[in-house]
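Inspection log for the structure reproduced underneath, given as C-alpha coordinates.
Residue numbers (our numbering): 54 to 136.
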(Lines of atoms letter the chains of each structure in order from A; the text may use other names.)
(Lines give C-alpha, C1' and ligand atoms only; values in the text may rest on other atoms or scores of the structure.)
Protein backbone atom coordinates (compact mmCIF):
# COMPACT_ATOMS: atom_id res chain seq x y z
CA UNK A 54 0.00 0.00 0.00
CA UNK A 55 1.08 3.58 -0.63
CA UNK A 56 2.50 5.53 2.27
CA UNK A 57 3.20 9.26 2.05
CA UNK A 58 4.55 11.63 4.68
CA UNK A 59 3.05 15.11 4.59
CA UNK A 60 5.15 18.23 5.11
CA UNK A 61 3.61 18.40 8.59
CA UNK A 62 4.89 14.86 9.29
CA UNK A 63 8.37 15.72 8.03
CA UNK A 64 8.47 18.86 10.16
CA UNK A 65 7.59 16.79 13.23
CA UNK A 66 10.30 14.25 12.38
CA UNK A 67 12.80 17.09 12.01
CA UNK A 68 11.85 18.48 15.42
CA UNK A 69 11.99 15.02 17.01
CA UNK A 70 15.33 14.15 15.42
CA UNK A 71 16.79 17.46 16.53
CA UNK A 72 15.59 16.87 20.09
CA UNK A 73 17.11 13.39 20.15
CA UNK A 74 20.49 14.80 19.10
CA UNK A 75 20.16 17.59 21.66
CA UNK A 76 19.37 15.17 24.51
CA UNK A 77 22.29 12.97 23.44
CA UNK A 78 24.59 16.04 23.39
CA UNK A 79 25.65 15.41 19.78
CA UNK A 80 28.16 18.01 18.59
CA UNK A 81 29.17 19.22 15.12
CA UNK A 82 32.57 17.56 15.54
CA UNK A 83 31.07 14.08 15.91
CA UNK A 84 30.27 11.66 13.11
CA UNK A 85 27.01 9.74 12.90
CA UNK A 86 26.36 6.43 11.17
CA UNK A 87 22.70 5.77 10.35
CA UNK A 88 22.31 2.04 9.65
CA UNK A 89 18.51 2.02 9.71
CA UNK A 90 16.73 0.99 6.48
CA UNK A 91 15.65 3.77 4.15
CA UNK A 92 12.10 5.20 3.99
CA UNK A 93 9.49 4.88 5.26
CA UNK A 94 11.37 3.72 8.40
CA UNK A 95 10.78 6.41 11.06
CA UNK A 96 14.05 5.69 12.88
CA UNK A 97 15.93 6.38 9.63
CA UNK A 98 14.32 9.80 9.31
CA UNK A 99 14.88 10.65 12.99
CA UNK A 100 18.61 9.92 12.58
CA UNK A 101 18.70 11.81 9.28
CA UNK A 102 17.17 14.93 10.79
CA UNK A 103 19.29 14.61 13.95
CA UNK A 104 22.35 15.07 11.73
CA UNK A 105 20.82 17.80 9.59
CA UNK A 106 19.53 19.84 12.54
CA UNK A 107 22.88 19.74 14.33
CA UNK A 108 24.97 20.26 11.17
CA UNK A 109 26.69 16.96 11.96
CA UNK A 110 28.19 14.60 9.39
CA UNK A 111 25.83 11.62 9.07
CA UNK A 112 26.36 8.70 6.72
CA UNK A 113 23.17 6.75 5.96
CA UNK A 114 23.82 3.20 4.78
CA UNK A 115 20.21 2.16 4.26
CA UNK A 116 20.62 -0.91 6.42
CA UNK A 117 21.89 -4.37 5.58
CA UNK A 118 20.03 -4.79 2.31
CA UNK A 119 21.81 -1.85 0.66
CA UNK A 120 25.44 -2.17 1.72
CA UNK A 121 25.26 -5.57 3.36
CA UNK A 122 26.73 -6.45 6.73
CA UNK A 123 30.26 -6.26 5.34
CA UNK A 124 29.63 -2.77 3.94
CA UNK A 125 28.22 -1.57 7.26
CA UNK A 126 31.24 -2.97 9.14
CA UNK A 127 33.61 -1.25 6.68
CA UNK A 128 31.75 2.03 7.26
CA UNK A 129 32.13 1.64 11.04
CA UNK A 130 35.86 0.91 10.75
CA UNK A 131 36.56 3.75 8.31
CA UNK A 132 34.26 6.41 9.77
CA UNK A 133 34.77 5.62 13.47
CA UNK A 134 31.40 7.21 14.34
CA UNK A 135 30.62 8.50 17.82
CA UNK A 136 26.86 8.14 17.24
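Don't be surprised by glycine CBs; every beta carbon is placed ideally from N, CA and C.
If you drop the 5 nearest sequence neighbours on each side, which residues of the same chain put their C-beta closer than 6 Å to that of residue i?
i: residue 98; result: 66
i: residue 87; result: 100, 111 and 113
Short of 7 Å in beta carbon distance, which residues of its chain neighbour residue i, apart from the five on each side in sequence? Order them along the chain.
i: residue 135; result: 83 and 84
i: residue 129; result: 86
i: residue 106; result: 67, 70, 71 and 74
Quick one: using the 10 Å Cβ neighbour count with 16 as the cut-off for buried, is residue i buried or exposed?
i: residue 103; result: buried
i: residue 96; result: exposed
i: residue 122; result: exposed
Which partner residues does residue i have in the DSSP bridge list?
i: residue 91; result: None; residue 91 has no bridge partner.
If you drop the 5 nearest sequence neighbours on each side, which residues of the same chain put their C-beta closer than 8 Å to that of residue i?
i: residue 91; result: 97, 113, 115, 116 and 119
i: residue 124; result: 114
Mapping DSSP to helix, strand and coil, what is residue i?
i: residue 84; result: strand
| query | Which full runs of the alpha helix (DSSP H) of 4+ residues lie inside the segment 91–123, going along the chain? | reply | 95–106
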